[in-house]
Each structure stands twice: as C-alpha cells, then as structure tokens.
Amino acid sequence: MAVGDRGGDRAGAGQKARLADREGFLAWAFLLPSIVYLTVLVVAPFGLTVAFAFSRSTSEAPSYRFAGLRNFRAIFGDHAFWRSLIDTLALTAVSTVLVVAFGTILANVLLADFRFRRTVRTAVLLPWTTPVALSAISWRWLLGSAGSPVDRILREASLLHGGESPLARAPSAMVSVVAVHVWRLTPLAAVIVMAGLAAIPRGVWDAAHLDGAGFWRRFFGVTLPLTLPVTAVAAVFTAAFTVGDMAVVRVLTGGGPGDSTQVLPALAYLHGVDRGDAGSGAAIALFLFPLFLAGVMVVLRVMRRMGHRP
Amino acid sequence: MRRRDESATKAVEAKALVKVYQGPRDKRVRALDGVDLSSNHSEYLVLLGPSGCGKTTLLRTIAGLERPTEGEVHIGGQLVNGLPPRIRRVAMVLQSYALYPHKTVHDNIEFPLKAEHVPRHLRERKVRWAADLLGIPDLLSRRPRQLSGGERQRVALARALVREPAVFLLDEPLSGLDAKLRATTRDELKRFQRQIGTATIYVTHDQEEAMGLADRVAVLEAGRLRQVGTPRDIYDEPADTFVATFVGAPPMNLVQRGDRLVGFRPEHLLPAENVAYDSRVTMPLRIERMEYLSGDRHVYGTVTRIGLETRVIARLPATVITPLAVGETHEFAVPTDRLRFFDAEYGTRAAPVRIGG
Amino acid sequence: MNGLAARTAAREMGRQRRMAAAQQVAVRVTVYAVAVAAALVCAAPFLWGLVSAFEHDTGGSARTVRGPTTEHVRLLFHSTPFATLVVNTLVVGGLVVVVTLALALPAAYALTRLHRSWGTPAGIAILLVYLVPPSLLFLSLSRVVATLGLADSFWSLVLVYPTVTVPVSVWLLAGFLRAVPVDIEEQAMVDGHSRLGAFVRVVAPLVLPGVAAVVVLTFTLAAGEFTYALTFVWSGARMPVSTGLPAVLGSGDPALWRTVQTGAVLVAIPLAVACGLFLDRFVAVLVVGPDRD
Numbered sequence: 175m176a177v178g179d180r181g182g183d184r185a186g187a188g189q190k191a192r193l194a195d196r197e198g199f200l201a202w203a204f205l206l207p208s209i210v211y212l213t214v215l216v217v218a219p220f221g222l223t224v225a226f227a228f229s230r231s232t233s234e235a236p237s238y239r240f241a242g243l244r245n246f247r248a249i250f251g252d253h254a255f256w257r258s259l260i261d262t263l264a265l266t267a268v269s270t271v272l273v274v275a276f277g278t279i280l281a282n283v284l285l286a287d288f289r290f291r292r293t294v295r296t297a298v299l300l301p302w303t304t305p306v307a308l309s310a311i312s313w314r315w316l317l318g319s320a321g322s323p324v325d326r327i328l329r330e331a332s333l334l335h336g337g338e339s340p341l342a343r344a345p346s347a348m349v350s351v352v353a354v355h356v357w358r359l360t361p362l363a364a365v366i367v368m369a370g371l372a373a374i375p376r377g378v379w380d381a382a383h384l385d386g387a388g389f390w391r392r393f394f395g396v397t398l399p400l401t402l403p404v405t406a407v408a409a410v411f412t413a414a415f416t417v418g419d420m421a422v423v424r425v426l427t428g429g430g431p432g433d434s435t436q437v438l439p440a441l442a443y444l445h446g447v448d449r450g451d452a453g454s455g456a457a458i459a460l461f462l463f464p465l466f467l468a469g470v471m472v473v474l475r476v477m478r479r480m481g482h483r484p
Numbered sequence: 018m019r020r021r022d023e024s025a026t027k028a029v030e031a032k033a034l035v036k037v038y039q040g041p042r043d044k045r046v047r048a049l050d051g052v053d054l055s056s057n058h059s060e061y062l063v064l065l066g067p068s069g070c071g072k073t074t075l076l077r078t079i080a081g082l083e084r085p086t087e088g089e090v091h092i093g094g095q096l097v098n099g100l101p102p103r104i105r106r107v108a109m110v111l112q113s114y115a116l117y118p119h120k121t122v123h124d125n126i127e128f129p130l131k132a133e134h135v136p137r138h139l140r141e142r143k144v145r146w147a148a149d150l151l152g153i154p155d156l157l158s159r160r161p162r163q164l165s166g167g168e169r170q171r172v173a174l175a176r177a178l179v180r181e182p183a184v185f186l187l188d189e190p191l192s193g194l195d196a197k198l199r200a201t202t203r204d205e206l207k208r209f210q211r212q213i214g215t216a217t218i219y220v221t222h223d224q225e226e227a228m229g230l231a232d233r234v235a236v237l238e239a240g241r242l243r244q245v246g247t248p249r250d251i252y253d254e255p256a257d258t259f260v261a262t263f264v265g266a267p268p269m270n271l272v273q274r275g276d277r278l279v280g281f282r283p284e285h286l287l288p289a290e291n292v293a294y295d296s297r298v299t300m301p302l303r304i305e306r307m308e309y310l311s312g313d314r315h316v317y318g319t320v321t322r323i324g325l326e327t328r329v330i331a332r333l334p335a336t337v338i339t340p341l342a343v344g345e346t347h348e349f350a351v352p353t354d355r356l357r358f359f360d361a362e363y364g365t366r367a368a369p370v371r372i373g374g
Numbered sequence: 012m013n014g015l016a017a018r019t020a021a022r023e024m025g026r027q028r029r030m031a032a033a034q035q036v037a038v039r040v041t042v043y044a045v046a047v048a049a050a051l052v053c054a055a056p057f058l059w060g061l062v063s064a065f066e067h068d069t070g071g072s073a074r075t076v077r078g079p080t081t082e083h084v085r086l087l088f089h090s091t092p093f094a095t096l097v098v099n100t101l102v103v104g105g106l107v108v109v110v111t112l113a114l115a116l117p118a119a120y121a122l123t124r125l126h127r128s129w130g131t132p133a134g135i136a137i138l139l140v141y142l143v144p145p146s147l148l149f150l151s152l153s154r155v156v157a158t159l160g161l162a163d164s165f166w167s168l169v170l171v172y173p174t175v176t177v178p179v180s181v182w183l184l185a186g187f188l189r190a191v192p193v194d195i196e197e198q199a200m201v202d203g204h205s206r207l208g209a210f211v212r213v214v215a216p217l218v219l220p221g222v223a224a225v226v227v228l229t230f231t232l233a234a235g236e237f238t239y240a241l242t243f244v245w246s247g248a249r250m251p252v253s254t255g256l257p258a259v260l261g262s263g264d265p266a267l268w269r270t271v272q273t274g275a276v277l278v279a280i281p282l283a284v285a286c287g288l289f290l291d292r293f294v295a296v297l298v299v300g301p302d303r304d
C-alpha cells in the first residue's frame, strides 16, 4: 500500500511509525475475534473430544475419569463399529466419485445458454440448499411408501416384490443412502466446477476450436487438465460432507435395517447421546479425523499449485 | 484446398456481412453492418479502425468463431458459412495468444496436428520446422508462464503456422508488447509473411502500424467499411472525413467553408513563402503553440479567411527555416492539388470548390 | 477451379456443412436433455411432495376421492408446531447472520486490505475449519453448552452455528473485497478520508451485493444444520424446522406424512429461489478466487 512512503524528517518517520502500527494493530483487531471464536469453539472442543475418547465419562457420571485405551478396545471388539467404519469409507468413496462425475457434467450443461436456464438452475439448487433432514424426509416418503412414483417404477421393473420398500432391505438401503448423498451434493460440486470452468480464459476455447479439436479432444486435452484443481476441491468438499453427515442416515433409515446403514457419525451419536456414553462416542467420532486431515492436505496442495499459475 | 493455381479466385471474400447481437441491457448491437470485402492471395490486408468498429468481429466471423446474422463468407472460392474453423483452413492468433497453459511449447505447437490425426514422425518434423522458422527451437520444453510476451507470440504464430492454412488471421498481435518491441516485431511479422507467402488479414487500431505493414488497408467504423485501398490511396485520397482524420498523425485539418469541408494535411500547410506561387491557397495562421518533435516543427494555431475560424496543425520539416513566433499571425499556404473536399453534412468526399488564392 | 473439381469440392463442403450442423443440433439436444433430466431429478421429491400436499389421503386404499384439498396445509399449521418451528429457524438464522457478519467482515477486510505475512496462512486455516465435521465436535460442544447453561435453548445454536458459517463467509467476503480495486480506496484516502472512512464510504457500497449473497448463504447453512440442533435442543417447541419437522413424525401417526411433506416443500422452495438469485455472484467470486496472490 502506498500510504506513508519514505519520509525524510523525524516528524515524517514518527508519522510513518504510527500509521504502520495502526495498520498492524488493525489487522490483528479485525482478525482476532474470528480466530478466537473458532479456536474456542472448534479447536478446543476437538481437543476435548480427544480427551473424552480416553475417558470414562457418561451422562450419568459426567466427571472426567481417565480410562486409557479402554474405549478403543471396546469399540475394536464391536463388530458394529468395524462394519460402520467400512461402510462409511465405501459410502464416501462411491458418493464422491459419482458426485464429481455428475457434477462435472452438470457444470458443463449449466454454463451453456438455453431457455429456462434460470428455472433449471434454481431447481438444481434444491437438493443442497434444503435442510438435510427435510430432504431426507422427502426421500423417505418417495422411496418408502407404497404408491409413490419411485415405488411404482421399481415395481414395474420387477426390482421390488411384495410389500417392501428399498429402505427395508440391507443392500438397497445402503444404495438409497448413497443415492440421497449423491443427489444432495451434486449441485454443490457442479457450482464449484462451474467456477473452475469459467476461469479458463475464453481465448483457450477459441484456440482449441481453431486448432481443429473435436469435442472429446477438447474435453480430455483442455477441459479436464485445466479443471483438475477445482475438481479436487469439489471432491474434498463432497467427501467431507458425506463422511461427517449423520442426518441422511438417521432420518432416511434410522441406521437400519438392523444397523446395516449405521455410518460412523450416526454410530457416534448413538453411543454418545442416545446411550449416554460420551467416551465411546468420542472414540468413534475420532476416526473421522484422518479423513479430515487427508482432505486438508489435498486442499493445501491444490492451493499451492494454483498460486503458481500466471 | 489448392490455392496456388487460383489466381482468379480470392483468398477470402466477405459478402454483405451483417452481425447483430444482444448487448448489455438487451440492446441490439449491429457489430457488422453490411460489409463487402475481399482479400487476394499472398496479400497483407489490414483491418483498421477504432475500438468497437467491428474489425475483430469481422475477423472472428471469417475464422468461423462467430456466425454472421446475414451474408456470406468465402474462403478459397468456397462458401464456408456454417463450417467450423478447422474445415476452413484458417489459422488465427488471438490478442491474448491463448496458449494452452498446461502444455509445453512443443505440445502447444503440436496440438493442431494431433487434432488432425497427423502421423507422429510427420508431426515432429512440422513442429521443428515451425519452431526453427520462428526462431524458438530452444524453448520447446518450456511452459507458457515461463515465456516473455514476445516469445509467447512466436509460439502462437508457430502453432498457427503448422496448420499450413489458406489464410492467417492476426488480432492485434502487437498490442501486448512494449513500445520498443513493437517496432522490431512489426518488421519481423512483415518478413515472416513475405517468407510464407500466405494471405494474411491483420487487425489493429494503430494507424501507423497499418500503414507500415499493409499491402492494402480496410478502414472500418461502426460496423461499416469506409474505404479499402493501398496505404498510399488511403492517405492521399481518403473517401470520407473519418478516414481522413483517422489515418495520419497529426490528423488532417478540416475547415468548414459553406457546405463543404476543406481538408489539408499538416505537412502540406507551410509558411506561404515555401509554397509555389502559382497554385496555392493562402490563409493567415495565428500561432498559439509550437512543438519541436524529431526535427520537425509542429505549429498549432487558428486559420481564417478560407472558411470558419478553425484550429489547425502545421508540420514543418527541418528544411523550412522560416522564423516563427508564438502570438504572431503569419501567412500560410497549401498547394491547390493537396486540398481535399468533403461534404459538410455527410463527410463523404466531394467535388472541389474554387477558393480564391 | 474447373468443373469436376469444383463440383466435388462443393459437394464435400456441403457434406461437411451438414455434418457440422448435425453436430450442433446433437449438442443442443443433449444439453437440453441433461438440463431437464437434472432439474427433474433434483426437484423430484419436492414435486412429489407438492402433488401429495394437495391430494386426498386415502390411506393406501383405492382412490375414490378426486380433486385437491387444503386439508394437509391446514393440518400443518394447526396440528403441528410448524409455525413455531419456522419462527425459531428465522430467529436463529437472523441472529447467526448478524454474528457471522460481525466476525467475518472485519476478518475478510484484514485479510485482503491489511497485508501481513501471516495473512494467507490465516485465511487458509480459516477455510479448513469449514471441513471439520460437526460430528467430531458435537459431544464436546454439548458439554460446553450445558456448562454455559444454554442447554435446550436456541441460544446454543446461535453460539455454535457461526463455526460453520464464518469460515465460508470469510472466504467469500474476501473474494468480493478483492474484486474491488484498491485504487478507489487510495483515491478516497487522498481526498481526505481515513482508511476506515474510505472503506465505509467507497468500498462498502460496492461490496453490498456480495454481502447480500453471503447473508443468503449463511441463512441457508444455518437453516439446514442438523447435528448440533439435534444435540443441543430437545424440546419440541424450541427446535428449528430442521430437527423439528422430522420430530413431528416421531409420533408415528402415518396420516401426518403428507403434512410433514408439505412443510418440507414450503421450506425448500424459498431457500432454493433465494440462493438461485445469487448463484451468479457466488460463481463469479469463486472464479476470481480468494487464492489470488
């Protein structure tokens, strides 16, 4: 900033010192509240979670009693935990891949010019802007009740028999959970990728046309490489929101049928709140942390790469 | 498309091109308003005009990046309306050069060849050939962000060159370079074109550039073609006041006299004693300011008698040593055959009118 | 060109032209098809909800009653605490917006206008907080909330929601601020304003549309949050609509299905419309990017 350049006399130097001080002070003063707030309500509680994981605290006896690895040994021995962990990872991986694929296609389409673009754009936002639980309820109704369009379609296709719904049997229940996650997060990924696409200078597209690149060559030779960082960010966000989400499972299937869709966060909630065992719940929730770390590293790597672009 | 034996057909022909598009606030903009233009083989044609005149739109329409609302485009004698750029065998260098940022220089140049499925060994040979021609063989493994502006331009030219197009289209290629580089690059571009011999259409808003480079100049304004001709024709016989004032720096002086505008270029306005007695028109010039530029004297002042009182500029070469002072009124003159007359209302070139000496 | 060569070339050109035109049409059709399909799939549950909201409930038996009914809408407002839930959500959302702006605006300003060496790392750190799943923190935070005496009150939500909304808002506001050239501010300072005065008078009005976008997004995020709401607030009358509406179902009365669906649709559509209005702005700032310099 050009304010206060090199002054010669002492009054000038004093003036400069005060302004610089003020700027530094101002920067701190403005940033501090947010940093303090986030530290107190995110970093500290995370530390607390770690602490709880090693404690024997429950809602009846809430005081902190150190319990070493007791909780971990308990959950490692619990079949439901392992199942939940694997299910969560699988669910997240599959959802992320699907979301990125659909999101990229959707992003390309949304950027094109066509009539009713406004309406389509608004409709496409519905899954993500609606409260998770409410979307989940709607899907539960759509999937689980006799007489709904989905129910009828599936029956026509002989995929359903008798009086059951996709939510009532183990494999299809998980598929439904994946479907709802993909449905929910594709718009978000699409918006992020849209931004990446729009950031490509227009001239590059013209050059590709002039150079005679057909649709697929343009896509694989120009579009994909240039949107890779943005797609990575979209993938990280998707994974983060899928892995940490318990609303869909809780409302759609309640973890059922019979614990087959009990993802990690829902399991943590089950242990920590429903059953009142804070130590166990915290220990389970902790397993979400490595995934968060992985996401952080990807984002950092992408940011660094983007910083080097001209 | 064979072009060598087609001396009868033109390299590029635009017929009655109209381009209308929706501007901001839903206003309809006529970027091209009925343009008829043709370019010969091996010719260096420059589209000259101020920003917004439609020259870039015209170029893009010829390239196939824009579709005309009305009119036809012919390349090498073939109607190319509706055909994508690659079929038209045109190559275009955009103002921003538009190099693929994630590819090396080598891959950038190779890209069009890959798109046309040229076999590998042939591709390599062509890339080398283009790089050598443009003097950039040692840059092949670099990426665009590591290159200077001039180097990037060469890569863009090499990429255009490998396609061996029927027409080269250049969109303000010198505007991204600093002043010193511009002069040398201008020279190189001309030599490059002579060497390659391909028809070139070049867009610029800089009239000096246009006059220096072109075999022919096409002056555009507000989507309309004002005049097409050699630089000499444009300069000496402008078709209207727009061309007259746009080309040439300082611009042509225009004095209103009745229903006419009398035009004369600054270099033809000299102190009367320096102009041949028998065929000249004299006018008193009240000197307001003088500048000394590169040996010339630029005299700024007001003239009367030949028309309405008007501010004019006179450019005196160093050989004219008539002493002049700011504030004095001196008799200046213009040779009669250097006067140009324009219709005062429409600006078009008009018949001469007798002016007393 | 002589006759035969000319005719062949012309035919080839014609073929190419037809191919190019056909390709254009194919692209157009695909775009429309995907767009329509996407819109339908995304809106599917809500369309169905909208239809069933006005349908007579026949309990699964053969339909005999025809014609629309407003029974379910009536039920929604009279037999369920829907109105209260919405009010709760509005109040919490509004307060969270205020808190978020109070925290995020200065932070964004500090990050973009007051250049400090720790600026960029701090900015990135703030963004990364957004990735922390609430499921990692809800247990500890419930203890914190209980200790503060905020258990079962919506103030607990007002306290905690900004952890979700502030990171995103800082990032977006920083992006909007970066889009305003520094020159304008410097001009104002030269013209006699203090740094802060310059900002308030000149920059703030230009960023206002961006702030509006952030307000809408913050409200949407706050209205949608589930985990914290579920953990901290358990009395039916104090819940926001996100946890309250599903809770209505807890009573197990199947007849309430359509009623609840209606509520979901009534919440979903305004939020989507509001965000849709600002979508272009979001994309624009993402494009310019807070990751410049």
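Protein chains in written order, with the numbering used here: chain A, 175 to 484; chain B, 18 to 374; chain C, 12 to 304.
C-beta: ideal position from N, C-alpha, C; glycine also.
Which of the residues in the segment 191-217 of chain C, read from start to end, lie with their CB under 7 Å from any CB of chain B? Per Cβ criterion, the list is empty.
Simplified DSSP state of M477 (chain A), which is helix, strand or coil: Residue state, collapsed to three classes: helix.
What is the DSSP secondary structure of M30 (chain C), counted as helix, strand or coil? Of the three classes helix, strand and coil, the one that applies to M30 (chain C) here is helix, per DSSP.
Tell me whether the beta-carbon of G94 (chain B) lies closer than 8 Å to the beta-carbon of T26 (chain B). A contact, by the Cβ cut-off of 8 Å.
Any idea if L327 (chain A) is buried or exposed, counting beta-carbon neighbours within 10 angstroms, 16 or more meaning buried? Here residue 327 (chain A) is Ile; the residue named in the question, Leu, does not match the sequence. I327 (chain A) is exposed by the Cβ-count criterion.
Going by CA-CA distance only, name the one from B:D360, B:L325 and B:A350 that's closest to S296 (chain B). Closest by alpha carbon: B:A350.
Sequence-distant residues of its chain with Cβ nearer than 8 Å to G46 (chain B) (five each side left out): The sequence given here has Val at residue 46 (chain B), not Gly. Closer than 8 Å at Cβ, skipping near neighbours: V37, Y38, Q39 and G40.
In chain B, which residues lie with their C-beta within 7 Å of the C-beta of M250 (chain C)? Under the 7 Å cutoff, chain B gives no residues; its nearest Cβ is about 47 Å from M250 (chain C).
When you compare only the Cα positions, how much space is there between D433 (chain A) and P219 (chain A)? In a straight line, the C-alpha of D433 (chain A) is about 28 Å away from that of P219 (chain A).
Is R306 (chain B) helix, strand or coil when you go by DSSP? Residue state for R306 (chain B) is assigned as strand, using DSSP reduced to three classes.
Taking the Cβ atom as the reference point for each residue, do A242 (chain C) and S153 (chain C) lie within a distance shorter than 8 Å? According to the sequence displayed, residue 242 (chain C) carries Thr and not Ala. It is a contact, given that the beta carbons lie within the stated cut-off.
For V292 (chain B), the three-state DSSP class (helix, strand or coil): Under the three-state reduction of DSSP, V292 (chain B) is assigned to coil, being neither helix nor strand.
Would DSSP call G181 (chain A) helix, strand or coil? Because G181 (chain A) sits at a pLDDT of 39, beneath the cut-off of 50, its placement in the model cannot be relied upon, and the following sentence gives the value as read from the coordinates. In this structure, G181 (chain A) counts as coil in the three-state DSSP scheme.
Tell me which same chain residues have a C-beta within less than 6 Å of the C-beta of Q210 (chain B), skipping the five on either side of it? Contacts found: Y61 and T217.
Quick check: the Cα distance between R21 (chain B) and H58 (chain B), rounded to an integer number of angstroms? Residue placement at R21 (chain B) cannot be trusted, given a pLDDT of 49 that sits under 50; what the coordinates show is reported in the next sentence. Looking at the two C-alpha atoms, the distance is approximately 9 Å.
Give the residues of chain B in contact with A31 (chain C), contact being defined as C-beta atoms less than 8 Å apart. G99, L100, P101 and I104, listed in chain order.
Residues near V276 (chain C) by beta carbon distance below 7 Å, same chain, minus five either side: So the qualifying residues of the chain are F57, G60, L61 and A64.
Measure from the C-beta of Q272 (chain C) to each C-beta in chain A and report whether the shortest distance is under 8 Å. Yes, Q272 (chain C) lies at the interface with chain A (some Cβ there is under 8 Å from its Cβ).
For R233 (chain B): DSSP bridge partner residues: Bridge partners of R233 (chain B): B:L62.
P493 (chain A): first and last residue of the uninterrupted beta strand (DSSP E) it sits in: Absent from the model: residue 493 (chain A). The displayed extent of chain A is 175 to 484, so no value can be given.
Output needed in chain order: residues of the segment 367-386 of chain A with a Cβ under 7 Å from some Cβ in chain B. From the segment 367-386 of chain A, only P375, G377, V378, D380, A381, H383, L384, D385 and G386 have a Cβ closer than 7 Å to chain B.
Could you tell me whether the Cβ of Q95 (chain B) comes closer than 8 Å to any Cβ of chain C? Cβ-Cβ to chain C under 8 Å: yes for Q95 (chain B).
Classify I338 (chain B) as buried or exposed, calling it buried when 16 or more other Cβ atoms lie within 10 Å of its own Cβ. Exposed, because fewer than 16 other Cβ atoms sit within 10 Å of the Cβ of I338 (chain B).
Considering Cα atoms alone, identify which of B:A227, B:L237 and B:A115 is closest to L177 (chain B). The question names Leu, but residue 177 (chain B) in the sequence shown is Ala. Cα-wise, what sits closest to A177 (chain B) is B:A115.
Any C-beta of chain A under 8 Å from that of W166 (chain C): Put simply, the CB of W166 (chain C) is far from chain A, with every gap to its CB atoms at 8 Å or more.
8 Å contact criterion, which V320 (chain B) and P334 (chain B) should meet: CB distance rounded: Approximately 20 Å separates the beta-carbon atoms of V320 (chain B) and P334 (chain B); this is outside 8 Å, ruling out the contact.
Taking any Cβ of chain B, which residues in the segment 390-402 of chain A have a Cβ under 8 Å from it, in chain order? Closer than 8 Å at the C-beta level to chain B, one finds these residues of the segment 390-402 of chain A: R391, G395, V396, P399 and L400.
Please list, in chain order, all residues of the same chain as Q272 (chain C) whose beta carbon is under 7 Å from its beta carbon, the five residues on each side excluded. Non-local beta-carbon contacts of Q272 (chain C) in its own chain, meaning distances under 7 Å to residues more than five positions away in sequence, involve G60, S63 and A64 in chain order.
CB A224 (chain C) to CB F289 (chain C), shorter than 8 Å? Less than 8 Å divides the Cβ of A224 (chain C) from the Cβ of F289 (chain C).
Start and end of the alpha helix (DSSP H) containing D253 (chain B)? In this chain, the alpha helix (DSSP H) harbouring D253 (chain B) covers P248 to D253.
Have a look at the DSSP bridge pairing and note the partners of P136 (chain B). When beta bridges are read from the DSSP output, P136 (chain B) appears opposite no residue.
Please report the straight-line C-alpha distance between A145 (chain A) and V425 (chain A), rounded to a whole angstrom. Lying before the first or after the last residue shown, residue 145 (chain A) is absent from chain A, which here runs from 175 to 484.
Exposed or buried, what is Q436 (chain A) when buried is set at 16 or more other beta-carbons lying within 10 Å of its beta-carbon? Q436 (chain A) is buried by the Cβ-count criterion.
How is the beta strand (DSSP E) around H347 (chain B) delimited, first residue to last? H347 (chain B) -> beta strand (DSSP E) spans T346 to P352.
Decide yes or no for the touch test of the segment 371-385 of chain A against the segment 107-127 of chain B: beta carbon pairs closer than 8 Å, at least 3 of them. At 8 Å Cβ cutoff, the stretches touch.
Could you list which residues in chain A have their beta carbon closer than 8 Å to that of T174 (chain C), in chain order? Listed along chain A are Y211, L212, L215 and V216, each with a C-beta nearer than 8 Å to that of T174 (chain C).
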